[in-house]
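Heads up: the structure comes next, in C-alpha cells.
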Amino acid sequence: HTSRPDLHLHSHFSTPAFLGSAEGRPKSERKRLAIKLARDVERSSPLDSKKGPEPQTFGELREIQKMKKKMRNSIVKATSIFTVDAYPSEDASADTVESSWNWLYGFRSKKVKGLVDKDSSWLSRFIFGCIALNIIFLAMDGHNNPDWLIKFLYYSNIVLIGIFAAEMVIKLVVDGVLGYFKQISNALDAAIVIASLVEFAVNALGSLTGLRVLTRLMRAVRVARVSKLANRWPHLLQVLRILVSSFRGVGPVLCLALLMMFIFSVLGMQLFGARLDGSGSSEAELRYRFDDFSWAYMSVFYIYVGDNWPDVMQLAVEQYGSVCSIYFVLVILLGNWFLL
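Residue 199 in the UniProt record's numbering sits at position 199 of the sequence shown; the count goes up by one each step and never skips.
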C-alpha cells in the first residue's frame, strides 16, 4: 500500500486489536489511540529511511518526500474519520433526541440552528415582513378611525403578538435558554414580546375595569416593535452601534453644557428675576421668565438652541437697558457656538 497511504492506515485501523481497544472509550482517548497507531504505522512503513534503502537519485528522493507528505495527510484524515463517530462514547445517550438537544443550549446541529438564526432563513424573512406590516399598521392607527378599521387593527395586533411570541418560542427551543439570551438583540425581542402580552392583557381588562389611561400607555409598547427591525438589518444595527459608542465622548461635553446652563440660570435669576417674572400680558413676557430656577433654566435653554432668543433679549433690554445684552452674547458664544 505504499502508493495509497490511506489504505495502508485503513487496514491497520480495521484490525480487531484496534477495534477492541477503542470500543467504549471516550472520544479523546480514541483519538489519542488512533494517533499513536498511525505513528506506529508510519514508522513501520517502507517509507522510513532507516528501514529502507537510501535513495540513489534525486527523483527517488522527491518521490519518497511526496509519499511521506501523503502519509502525514492520511494520518490526519484517518484519525478524524475513525474517531469522530466510529464508536459509542461514554457520554453518548441512547436517545438520539436527548443527545442532540438540551434546554440550556438547544440543538447541537449547526444545520438546525442555521434554519432559524441566519438572516437568509425563511423565519427571518417572514419576521422581517411582519415587522414591516407592524409599521404600516402603526401609521394607520388614529382617534377618528371608522369601526371596521379599529377592529381590523385590533385583530391584526393580536396576530402579530402571536407571531412574535411563536418566534421567541422557536428560538428558545433551537438555541436553548443560554444560547438565546446570550445575544442582546434576542433579550430585547423577548422584552418586547412580554410587554406586548402585558399590553394585550391590559387591553382585555381595561374594558372591564375602566383602566383606560393604562391601556393608552401600554399602546406605546407597539412602537418598541419597530426596534426589531434593527436586529434584522445589519447596516442599520451597525449605525446604531456607532451612535451608542459615540455617546462616551459626548458625555463630558453634555455635562459641561448642563453646568453652563445652571450657571447662567442662576446668574439670570440675580439679574432679571425682579422684573422678568411673567407678570406681563404678551406671550413673550409669559414664556420667558427668570423669577424661579425652572423658568430661568428653560429660558436659558431657549437661548442655547437659538429659539427666539432675540425676543428674550428685547424684554431684558426694555427693562434694564442695552448693557444686559452682554449676558445674552456670552450665553450664545459659550453655549451655542463652543459647546453645541
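The beta carbon of each residue, even a glycine, is placed where N, CA and C say it ideally should be.
Predicted, not measured: the structure shown is a model, and the values here were computed from it.
Can the beta-carbon of Phe176 be found less than 8 Å from the beta-carbon of Tyr105? Going by the sequence as given, residue 176 is Gly instead of Phe. Their beta carbons are under 8 Å apart, which means Gly176 touches Tyr105 by this criterion.
Which residues DSSP lists as bridging Trp233, in chain order: For Trp233, which the question treats as bridged, DSSP gives no partner whatsoever.
Close-in-space but distant-in-sequence residues of the same chain around Ala190 (CB under 7 Å, 5 per side omitted): Met168
C-alpha gap between Val266 and Asp291, whole angstroms: 10 Å
Residues near Asp297 by beta carbon distance below 7 Å, same chain, minus five either side: Position check: residue 297 holds Tyr in this sequence, whereas Asp was assumed. Closer than 7 Å at Cβ, skipping near neighbours: Met261 and Ser265.
Between which two residues does the alpha helix (DSSP H) harbouring Arg130 extend? Correcting the residue type first, residue 130 is Cys in the shown sequence and not Arg. Here the alpha helix (DSSP H) through Cys130 covers Trp122 to Met140.
Measuring straight from C-alpha to C-alpha, what distance separates Gly249 and Ala316? 36 Å
Limits of the unbroken alpha helix (DSSP H) element including Asp311: Trp309 to Tyr320
Going straight from the alpha carbon of Val223 to that of Leu138, what length do you get? 8 Å
Is it buried or exposed for Met140, if we count other Cβ within 10 angstroms and need 16 for buried? exposed
Do residue 342 and Gly273 have their C-beta atoms closer together than 8 Å? In this structure the chain extends from 1 to 340, so residue 342 is not present and cannot be described.
By the 10 Å Cβ neighbour count, where 16 or more other Cβ atoms means buried, how is Trp148 classified, buried or exposed? exposed
Taking all protein chains shown into account, do 16 or more other C-beta atoms lie within 10 angstroms of the C-beta of Pro146, making it buried, or fewer, making it exposed? exposed
Are the beta-carbon atoms belonging to Cys130 and Ile163 less than 8 Å from one another? yes
Does the distance from the C-beta atom of Met313 to that of Phe293 stay below 8 Å? no
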